[in-house]
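Heads up, the final residue of the sequence shown is numbered 114 in the UniProt record's numbering, and it's a clean run with no missing numbers.
From the three backbone atoms N, C-alpha and C, an ideal C-beta is built for every residue, glycine too.
Step one of this worksheet: look at the structure below.
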Amino acid sequence: MKPFLILLGYSLALYLATLLLIDFEGILLNEMLNEDALELSFKEVQAAIDEMLYWNRFSALFAFLMFTVKCFLVAVVLYAGLFFTDRHKEVRLGTLFGIAVYAEVVFVIAGSSW
1 MKPFLILLGY
11 SLALYLATLL
21 LIDFEGILLN
31 EMLNEDALEL
41 SFKEVQAAID
51 EMLYWNRFSA
61 LFAFLMFTVK
71 CFLVAVVLYA
81 GLFFTDRHKE
91 VRLGTLFGIA
101 VYAEVVFVIA
111 GSSW
């Protein structure tokens, strides 16, 4: 259960960081209104921004699912390596999932130090 809480916290932190630090609405508004080839009205641009903001609400859920699937696949690859070395009887897949989650946390910490 602890690895899922770590992934949930990581997903929420990612969502809050993008929500508070990146002005998607302003970026899209400037890009779409300054593009001469598109010739979009303000109402069309506002509708596109509203749709983007609607789906942005679910980005924490999408990130949680993406990280869960990623860590599960890493755990399966690790388990396959243990299987081919005939050591798979000693380790459960859940343990390898926890290791993959902690590895993801280490990658995030190492990436943020740059």
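What residues in its chain sit with their C-beta under 8 Å from that of Leu53, if we drop five residues either side in the sequence? Numbered from 1 along the sequence shown, position 53 holds the residue referred to as residue 53. If we look at Leu53 and ignore the five residues flanking it on each side, its Cβ neighbours are Phe24 and Glu25.
Buried or exposed (CB count within 10 angstroms, at least 16 for buried), Val106: Counted from its first residue, the sequence shown places residue 106 at position 106. Exposed, by the Cβ-count rule.
With a cut-off of 8 Å on the beta carbons, I'd call Phe64 and Leu7 a contact; round off their distance for me. Taking the first residue of the sequence shown as position 1, residue 64 is located at position 64. Taking the first residue of the sequence shown as position 1, residue 7 is located at position 7. About 6 Å separates the two Cβ atoms, so the contact holds.
Pro3 vs Phe72 beta-carbon contact at 8 Å: On the sequence shown, residue 3 is found 3 positions in, with the first residue counted as 1. On the sequence shown, residue 72 is found 72 positions in, with the first residue counted as 1. Cβ distance not < 8 Å, so Pro3 and Phe72 don't count as in contact.
To the nearest angstrom, how far is the alpha carbon of Leu29 from that of Glu104? Here the question's residue 29 lines up with position 29 in the sequence shown. Here the question's residue 104 lines up with position 104 in the sequence shown. About 34 Å.
Distance, Ser11 Cα to Ala48 Cα: Position 48 of the sequence shown, counted from the start, is the residue given in the question as residue 48. Position 11 of the sequence shown, counted from the start, is the residue given in the question as residue 11. Going by the C-alpha atoms only, they are around 25 Å apart.
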